[in-house]
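These notes concern the structure reproduced below.
Numbering (the numbering used here), first residue to last: 1443 to 1702.
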């Protein structure tokens, strides 16, 4: 089924690229503070839901754009972000992605993150490994935080922890090789899985932002938790991901400045 999910992502990506750098401002809707959506998000989601429903007819969906009734309590359901990095897309930046996770029996069984502009297909199957365009991937082997490159995102519509967040950023800037922000959590997580980044953290995310990426990292040999070091990172609001060697030191810095 993983190949079929990936093919649906490719088809959706072709649709998105057909509208890349051509969406007019009057076709953009503001969902709230710093949250934009276009017809491309909505039509992509409809396309994916239709295709995935055929793969597992009795499945339900958790999606970002609410094009169908949401139900994450089903035994079989999909978690979809049809366009993660909408703001990048609308400003002509190529860092946007499609993220799909399939959950059955309370476990994420399949995860796919596709970056259409760069034609990068990240796939993972529970206990089956993680891959980039069909080639196996793994997290980095760095053992010192001082040798790492860390990715993050800004909690741009949840400001409760902003002071602590800025302190965390400042310390990580001093402690690591540097910080990067792609503007798509799904890409950040996929890049941790394939070793381009050593770690990622962010506050204020949703299940559709992280579900597929979490499986990628776990299958690539990495560790994932929330800011408490616990397992509520899919439906919680925070996530920390890295290789196993630097995870402890990485989490210590985050916990020093940010409390949930």
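We put the CB at the ideal spot given by N, CA and C, even for glycine. Fair warning: this is a prediction, and the values are worked out from it, not measured in the lab.
Boundaries of the alpha helix (DSSP H) in which residue i is found, first to last residue
| i | result |
| --- | --- |
| residue 1610 | 1604-1617 |
| residue 1650 | 1649-1661 |
| residue 1689 | 1689-1699 |
| residue 1498 | No alpha helix (DSSP H) holds residue 1498; DSSP gives it neither H nor E. |
Local conformation of residue i per DSSP, three classes
| i | result |
| --- | --- |
| residue 1566 | strand |
| residue 1680 | strand |
| residue 1632 | helix |
| residue 1670 | coil |
| residue 1578 | strand |
| residue 1590 | coil |
| residue 1526 | strand |
| residue 1518 | strand |
| residue 1622 | strand |
| residue 1460 | helix |
| residue 1596 | coil |
| residue 1545 | strand |
| residue 1504 | strand |
| residue 1489 | helix |
| residue 1455 | helix |
Short CB-CB distance (under 8 angstroms) between residue i and chain B
| i | result |
| --- | --- |
| residue 1642 | Within the model displayed, chain B is absent; a lone protein chain is all it includes. |
Whether residue i touches residue j by CB criterion (8 angstroms)
| i | j | result |
| --- | --- | --- |
| residue 1654 | residue 1580 | no |
| residue 1560 | residue 1527 | no |
| residue 1594 | residue 1621 | yes |
| residue 1646 | residue 1679 | yes |
| residue 1497 | residue 1443 | yes |
| residue 1632 | residue 1651 | no |
| residue 1584 | residue 1445 | no |
| residue 1732 | residue 1630 | Limits of the chain in this structure are 1443 at one end and 1702 at the other, which puts residue 1732 out of reach. |
| residue 1521 | residue 1610 | no |
| residue 1566 | residue 1553 | yes |
| residue 1596 | residue 1623 | yes |
Beta-carbon contacts of residue i that lie in its chain and below 6 angstroms, excluding the five residues immediately before and after
| i | result |
| --- | --- |
| residue 1493 | 1450 |
| residue 1662 | 1572, 1579, 1580, 1581 and 1635 |
| residue 1546 | 1518 |
| residue 1564 | 1555, 1574, 1632 and 1658 |
8 angstroms contact criterion, which residue i and residue j should meet: CB distance rounded
| i | j | result |
| --- | --- | --- |
| residue 1683 | residue 1642 | 5 angstroms |
| residue 1523 | residue 1501 | Going by Cβ atoms, the distance from residue 1523 to residue 1501 rounds to 17 angstroms, so no, they are not a contact pair. |
| residue 1668 | residue 1681 | 6 angstroms |
| residue 1666 | residue 1660 | 6 angstroms |
Residue span of the beta strand (DSSP E) that contains residue i, given as start and end
| i | result |
| --- | --- |
| residue 1537 | Note, residue 1537: premise wrong, no beta strand (DSSP E); not H, not E. |
| residue 1550 | 1549-1557 |
| residue 1645 | 1641-1645 |
Nonlocal neighbours in the same chain, by C-beta distance under 7 angstroms from residue i, ignoring five residues either side
| i | result |
| --- | --- |
| residue 1691 | 1587 |
| residue 1616 | none |
Sequence-distant residues of the same chain with beta carbon closer than 8 angstroms to residue i, five excluded per side
| i | result |
| --- | --- |
| residue 1458 | 1482, 1486, 1525, 1531, 1538, 1540 and 1558 |
| residue 1465 | 1480, 1481, 1482, 1531 and 1532 |
| residue 1448 | 1554, 1556, 1563 and 1565 |
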